[in-house]
Amino acid sequence: MDFLELAKSRYSCRRFSDRQVEDEKIEKLLEAARLAPTAVNFQPQRIIVVKSDEALNKLKKGISPNLNPTLAFIISYDKNACWVREYDGASSGEVDASIVATHVMLEAANLGLGSTWVMHFNPFVVEEEFELEDNIIPVVVLVMGYPAVDAAPSANHTKRKDINEISKIL
Ligand SMILES: Cc1cc2nc3c(=O)[nH]c(=O)nc-3n(C[C@H](O)[C@H](O)[C@H](O)COP(=O)(O)O)c2cc1C
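Numbering follows my numbering, with no gaps: position 20 of the sequence shown is 9.
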């Protein structure tokens, strides 16, 4: 599919069917995460694939109860593995993790899966339930699965600013 067609067809899916995501598709999602660019290629991304009922139940303690995914990736970065800008100490971690999450989100759409980028998770719960080490910082919980038959884009999906509001050509 043409890239812009894929970008247009993707929407935040918040209702999922019971159908399990096949392992081959999970491998492709992980490959998309692996191929993502990172600052100086330091690859600080660390990903937990939340797939088993036990793991999904742990995740549900830290996300909205309205979300009922069959799969999720907790996308974190290792703060000891990031590039740090010498001028001001800015770390690449959040940017790296966000690019990784975007790769996975678009590959999910490419594979016919629904997804929603979740920032509104409780990091303390996630850290505790998944026993994250202190240096591992979770940035995105990408919830995924096959869309439910009644899944539909929210009103926000079609609300995009005019190109002139967000850019200028000089
Ligand atoms: C950084 C970021 C954080 C987000 N956090 C949440 C979230 O916690 N819960 C949620 O339901 N959607 C979340 N979203 C999804 C946005 O609400 C959604 O992308 C936006 O409304 C546009 O809709 P669309 O993705 O259907 O095009 C998040 C998206 C981004 C990029």
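Glycine included, each C-beta is placed from N, C-alpha and C at the ideal position.
Keep in mind that this is a model prediction, so the values were computed, not measured.
Would you check whether ligand 1 has a heavy atom nearer than 7 Å to the C-beta of H92? Against the sequence shown, residue 92 aligns to sequence position 103. No, Cβ of H92 sits at least 7 Å from all heavy atoms of ligand 1.
If A22 and I37 are in contact, beta carbons under 8 Å, what's the gap, nearest whole angstrom? Working through the sequence shown from its first residue, we reach residue 22 at position 33. Working through the sequence shown from its first residue, we reach residue 37 at position 48. The pair is not a contact, with the Cβ atoms about 11 Å apart (cut-off 8 Å).
Could you check whether the Cβ of R3 sits closer than 7 Å to any heavy atom belonging to ligand 1? For the purposes of this step, residue 3 is identified with residue 14 of the sequence shown, where counting begins at 1. Checking the Cβ of R3 against ligand 1 gives yes.
If you run the structure through DSSP and keep just helix, strand and coil, what is S156? Along the sequence shown, one-based indexing puts residue 156 at 167. It is coil, neither helix nor strand.
Going by alpha carbons, who is nearest to A124 out of V39, N57, C2, C71? Locating residue 124 in the sequence shown gives position 135, counting from the first residue. Sequence check: residue 124 is Asn here, not Ala. Measuring from the Cα of N124, the nearest candidate turns out to be C71.
Return the residue from the list D(-9), S1, L(-7), M(-10) that minimises the CA-CA distance to N145. Position 156 of the sequence shown, counted from the start, is the residue given in the question as residue 145. Out of D(-9), S1, L(-7), M(-10), S1 has the C-alpha closest to the C-alpha of N145.
Please work out which residues of its chain come closer than 7 Å, Cβ to Cβ, to G51, disregarding the five sequence neighbours upstream and downstream, and give them in chain order. Taking the first residue of the sequence shown as position 1, residue 51 is located at position 62. So the list reads F110, N111, V114, V115, E118, once near-sequence residues are dropped.
To which residues of the same chain is A137 closer than 7 Å at the C-beta, ignoring the five residues directly before and after it? In the sequence shown, residue 137 corresponds to position 148, counting from 1. Correct list, in chain order: R4, F5, S6.
Tell me, to the nearest whole angstrom, how far the beta carbon of L(-5) is from that of L95; I am working on the premise that it is less than 8 Å. The count along the sequence shown starts at 1 and reaches residue -5 at position 6. The count along the sequence shown starts at 1 and reaches residue 95 at position 106. L(-5) to L95, Cβ: 6 Å. Contact.
Determine, using beta-carbon pairs with one atom in the stretch 40 to 55 and one in the stretch 98 to 105, whether at least three such pairs fall under 8 Å. no
Three-way DSSP call (helix, strand, coil) for G51 in this model: Locating residue 51 in the sequence shown gives position 62, counting from the first residue. Here G51 sits in coil by DSSP.
8 Å Cβ cutoff met for A28 and I64: On the sequence shown, residue 28 is found 39 positions in, with the first residue counted as 1. On the sequence shown, residue 64 is found 75 positions in, with the first residue counted as 1. Cβ atoms of A28 and I64: not closer than 8 Å.
Less than 7 Å between C-beta atoms, sequence neighbours within five positions excluded: which residues of the same chain meet that for K68? Numbered from its first residue, the sequence shown carries residue 68 at position 79. Taken in chain order, the residues that qualify are S80, G82, N124, I126.
Over what stretch of residues does the beta strand (DSSP E) that includes L60 continue unbroken? Start at 1 with the first residue of the sequence shown, and residue 60 comes out as number 71. Taken as a continuous stretch (DSSP letters only), the beta strand (DSSP E) holding L60 covers 60 to 67.
Is T27 helix, strand or coil when you go by DSSP? For this step, residue 27 is matched to residue 38 along the sequence shown. Coil, per DSSP.
Does G78 come out as helix, strand or coil in the three-state DSSP assignment? By one-based count along the sequence shown, residue 78 stands at place 89. Correct three-state label for G78: coil.
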